[in-house]
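Line by line, the protein sequences are chains A and B.
Its first residue numbered 64, the first sequence is counted upward by one per residue in the working numbering.
Its first residue numbered 650, the second sequence is counted upward by one per residue in the working numbering.
Structure, as structure tokens:
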Amino acid sequence: MPAIRNQIRELRALREMTQQELADRVGVTRQTVIAIEQDKYSPSLETAFKVAIVLGVPIEQCFQYDPQGKR
Amino acid sequence: MATGLSYREKSLYASLVAELVVYGPYFVLHRQNSVNKVAGMIVTIIVLQIILQSVIASLTRNRVTDERDRLIELRGYRAGYLTLASLMVIGLGMLWIHAAVGHLPLESRMMGLHFLSVFFGMLVISDITKTAAQIVAYRRAL
């Protein structure tokens with residue numbers, strides 16, 4: 064399991080938001096959103112906050128840290 | 650251009666194609682290298698890159714780059730630098746051995762051309778490594 068996991072896909076689906084819409088509002092590429100959702104890329108703190116703000120949830124609801132996970 | 654590739658990825662593929670098309674024949678076909686050929690090669694790659702990058706930019710609506718692109722770029726530069734540093738050690742060692750065993754005196758004109766060819770080759774290989782490392786990083790999602 065990766066050290067940083069996220070619920071972006073589920074939160075985005077609840078809001079019927081596409082990956083491109085989220086990417087545009089956060090200011091990243093759609094490929095970066097895909098990489099984050101697949102737990103292949105851990106975003107910077109700034110991007111993580113922006114994602115949480117766009118999805119309208121606290122950051123800890125979007126991202127979770129698992130100390131036992133692989134970095 | 651509605652593909653799964655980002656603007657940066659398309660740009661990298663174009664760079665790799667340009668590098669292989671221009672440098673490939675130079676190193677595979679040409680036995681005798683000269684200053685003029687190297688200069689011609691550099692002009693050709695610059696012109697080809699400008700054309701390819703302009704076409705990609707005009708065909709791509711969303712030209713956003715972000716923190717992941719910058720991270721991948723840095724990884725590419727690291728791979729390119731490590732390659733260049735390694736090749737410098739190997740290349741200089743080989744030239745020194747050539748000179749030491751008397752195949753080519755250090756002060757000869759041919760030695761100068763050998764230096765030029767070897768150093769240009771190192772730059773080309775490290776540049777291709779940099780581009781390829783970035784493409785691999787994109788394909789692996791990072």
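Built from N, CA and C at the ideal position, the CB exists for glycine as well.
Partner residues on chain A for GLU722 of chain B, Cβ-Cβ distance less than 8 angstroms: For this step, residue 722 of chain B is matched to residue 73 along the second sequence. Correct list: empty, because the minimum Cβ distance to chain A is about 13 angstroms.
Residue-chain proximity (SER655 of chain B, chain A), Cβ-Cβ < 8 angstroms: The residue labelled residue 655 of chain B in the question sits at position 6 within the second sequence. With 8 angstroms as the cut-off, SER655 of chain B counts as an interface residue toward chain A.
Helix, strand or coil at ASN69 of chain A according to DSSP, with G and I counted as helix: Within the first sequence, residue 69 of chain A is the residue found at index 6, counting from 1. Looking at ASN69 of chain A - three-state DSSP - the assignment turns out to be strand.
Per-residue contacts from GLY90 of chain A into chain B (C-beta, under 8 angstroms): Residue mapping note: residue 90 of chain A aligns to position 27 of the first sequence, counting from 1. Simply VAL713, ASP715.
Contacts around MET737 of chain B, its chain only, beta-carbon distance under 8 angstroms, and the 5 residues preceding and following it disregarded: Residue mapping note: residue 737 of chain B aligns to position 88 of the second sequence, counting from 1. Once the five neighbours on either side are set aside, the close Cβ partners of MET737 of chain B are MET771.
Residue burial classification, GLY729 of chain B (beta-carbon count within 10 angstroms, cutoff 16): On the second sequence, position 80 is the one that residue 729 of chain B refers to. GLY729 of chain B is buried by the Cβ-count criterion.
C-alpha distance - SER107 of chain A paired with SER703 of chain B, whole-angstrom precision: Mapped onto the first sequence, residue 107 of chain A falls at position 44. Mapped onto the second sequence, residue 703 of chain B falls at position 54. Roughly 31 angstroms separates the two Cα atoms.
Inter-residue Cα distance where the pair is ILE700 of chain B and LEU708 of chain B: For the purposes of this step, residue 700 of chain B is taken as the residue at position 51 of the second sequence. For the purposes of this step, residue 708 of chain B is taken as the residue at position 59 of the second sequence. Going by the C-alpha atoms only, they are around 12 angstroms apart.
CYS125 of chain A versus VAL114 of chain A: straight-line alpha-carbon distance, rounded: Mapped onto the first sequence, residue 125 of chain A falls at position 62. Mapped onto the first sequence, residue 114 of chain A falls at position 51. For CYS125 of chain A and VAL114 of chain A, the distance between alpha carbons rounds to 8 angstroms.
Residues that THR110 of chain A contacts on chain B, provided the C-beta gap is smaller than 7 angstroms: As a working mapping, residue 110 of chain A is identified with position 47 in the first sequence. What THR110 of chain A touches in chain B: GLU716.
Chain A contact for ALA790 of chain B (CB, 8 angstroms cutoff): Here residue 790 of chain B is taken as the residue at index 141 of the second sequence, counted from 1. Yes, ALA790 of chain B counts as interfacial toward chain A.
With 16 other Cβ atoms within 10 Å as the buried cut-off, status of ASP776 of chain B: Position 127 of the second sequence, counting from 1, holds the residue named residue 776 of chain B. Result: buried.
TYR104 of chain A (DSSP reduced to helix, strand or coil): If you number the first sequence from 1, residue 104 of chain A lands on position 41. Reduced to three states, the DSSP call for TYR104 of chain A is coil.
Residue-chain proximity (LYS133 of chain A, chain B), Cβ-Cβ < 8 angstroms: Along the first sequence, one-based indexing puts residue 133 of chain A at 70. By this cut-off, LYS133 of chain A is not an interface position.
Neighbour list for GLN101 of chain A in chain B, Cβ cutoff strictly below 8 angstroms: Within the first sequence, the letter at position 38 stands for residue 101 of chain A. Under the 8 angstroms cutoff, chain B gives ALA790.
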